[in-house]
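full-length UniProt numbering numbers the first residue of the sequence shown as 1 and each following residue consecutively. Report on the following structure.
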Amino acid sequence: MSLQNIRVVLVNTSHAGNIGGAARAMKNMGLSRLVLVDPEDFPSPNAVARASGATDILDAAQVVGTLEEALVGCSLVLGTSARDRRIPWPLLDPRECAAVSVEQASGGGEVALVFGREYAGLTNEELQRCQYHVHIPSDPQFSSLNLAAAVQVLTYEVRMAWLAAEGRPTKVEKLETTAMLDAQPVTVDELENYFGHLEQTLVDIGFLDPAKPRHLMPRLRRLYGRSGISKLEMNILRGILTETQKAARGEPHKRRSD
């Protein structure tokens with residue numbers, strides 16, 4: 001069964017970074033079909049930055065004007081909901097959502113996982129277009145999830161259900177995964193995304209003047225071209241740039257011990 005039958009639908013997203021974060025979450029879990037309903041800011045460099053290598057998901061994203069267009073061809077629609085509604089509706093948790101989604105997709109059906117606006121979620125009318133509502137049982141004292149985090153929760157459960165249906169292992173030794181990434185060279189598009197991230201970071205910290213760039217970036221491109229960078233090394237470099245940008249903005253940033 002291919003996960004290609006399961007699409008992620010984001011409705012009227014206001015922050016482009018959340019679109020990028022959702023794309024990254026999808027690619028992490030093997031999903032690739034992203035549909036954007038009337039996004040407020042897309043395409044956007046903020047989406048690309050947050051996607052962190054999942055720009056192929058953004059490039060292939062379908063942008064439509066209405067939820068009806070986003071759901072064309074679907075036989076199962078599941079909408080995320082954070083609160084009780086006036087009309088009782090079949091309610092699933094993320095694991096149950098994943099199970100019915102994979103079952104439907106395995107039979108050739110098209111499935112849509114629908115996520116609402118950051119500030120208000122899905123409207124009652126939009127939720128009524130869904131056969132099931134999905135509620136993530138977060139802590140009631142702090143229940144609001146970031147949009148990309150909500151996408152990550154559901155897509156993770158979908159992947160786990162898919163692995164179980166395919167009879168594939170769900171545990172891989174960390175050393176095996178690391179060795180695999182270290183053996184894979186980066187692609188041209190991954191390298192281009194890195195150069196964009198690197199240039200923006202150098203501007204952020206005042207090392208590069210965009211008005212007078214001189215030959216810095218071409219020389220850096222030549223340097224990296226000689227290096228033969230692996231995917232693991234690229235992940236490390238992108239992480240360094242992200243934390244450097246946070247430090248430059250005065251934001252809290254993590255320290256690695258490994």
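No residue lacks a Cβ here, since even glycine has one placed at the ideal position from N, Cα and C.
Leucine 62 - containing beta strand (DSSP E), residue span: In the sequence shown, residue 62 corresponds to position 62, counting from 1. Here residue 62 is glutamine; the residue named in the question, leucine, does not match the sequence. Counting along the chain, the beta strand (DSSP E) containing glutamine 62 begins and ends at 62 to 64.
By alpha-carbon positions, which one of Ile57, Cys97, Gly167 and Cys130 ends up nearest to glycine 21? Taking the first residue of the sequence shown as position 1, residue 21 is located at position 21. Nearest C-alpha to glycine 21: Ile57.
Buried or exposed by the 16-neighbour rule on C-beta atoms within 10 Å, applied to proline 94: Taking the sequence shown and counting its residues from 1, one reaches residue 94 at position 94. It counts as buried.
By DSSP's criteria, threonine 80 is part of a beta bridge. Which residues make up the other side? As a first step, residue 80 is located in the sequence shown; it is residue number 80 there, counting from the start. Bridge partners of threonine 80: Val134.
Ends of the beta strand (DSSP E) at alanine 112? Position 112 of the sequence shown, counted from the first residue, corresponds to residue 112. For alanine 112, the enclosing beta strand (DSSP E) has its first and last residue at 111 to 115.
Look at the alpha carbon of isoleucine 205 and the alpha carbon of leucine 191, and state the distance between them as a whole number of angstroms. Position 205 of the sequence shown holds residue 205. Position 191 of the sequence shown holds residue 191. Whole-angstrom Cα-Cα distance: 21 Å.
For leucine 35, list the residues DSSP reports as bridge partners. Taking the first residue of the sequence shown as 1, we reach residue 35 at position 35. One detail in the question is off: residue 35 reads as valine in this sequence, not leucine. Among the bridge pairs identified by DSSP, valine 35 is matched with Val9 and Gln62.
If you count every other CB in all the chains shown that lies within 10 Å of the CB of isoleucine 236, and 16 or more means buried, which is it? Within the sequence shown, the letter at position 236 stands for residue 236. Under this definition isoleucine 236 is an exposed residue.
Environment of arginine 24 [buried if 16+ CB atoms lie within 10 Å]: To locate residue 24, count along the sequence shown from 1; it is residue 24. Classification of arginine 24: buried, given that the 10 Å Cβ count is 16 or more.
To the nearest angstrom, report how far apart aspartate 182 and alanine 165 are at their CA atoms. For this step, residue 182 is matched to residue 182 along the sequence shown. For this step, residue 165 is matched to residue 165 along the sequence shown. So the alpha carbons of these two residues sit roughly 29 Å apart.
Would you say the segment 95 to 103 touches the segment 57 to 71, given that touching needs at least three Cβ pairs under 8 Å? No contact exists between the segment 95 to 103 and the segment 57 to 71.
Given 8 Å as the limit, is there contact between the segment 195 to 214 and the segment 9 to 17, that is, 3 or more CB pairs closer than that? no
Determine the contact status of alanine 70 and alanine 112, defining contact as a CB-CB distance below 8 Å. Taking the sequence shown and counting its residues from 1, the one referred to as residue 70 is at position 70. Taking the sequence shown and counting its residues from 1, the one referred to as residue 112 is at position 112. Yes, these two residues count as a Cβ contact at 8 Å.
Look at valine 153 and phenylalanine 115 and say whether their C-beta atoms are less than 8 Å apart. Your numbering for residue 153 matches position 153 in the sequence shown. Your numbering for residue 115 matches position 115 in the sequence shown. Cβ atoms of valine 153 and phenylalanine 115: not closer than 8 Å.
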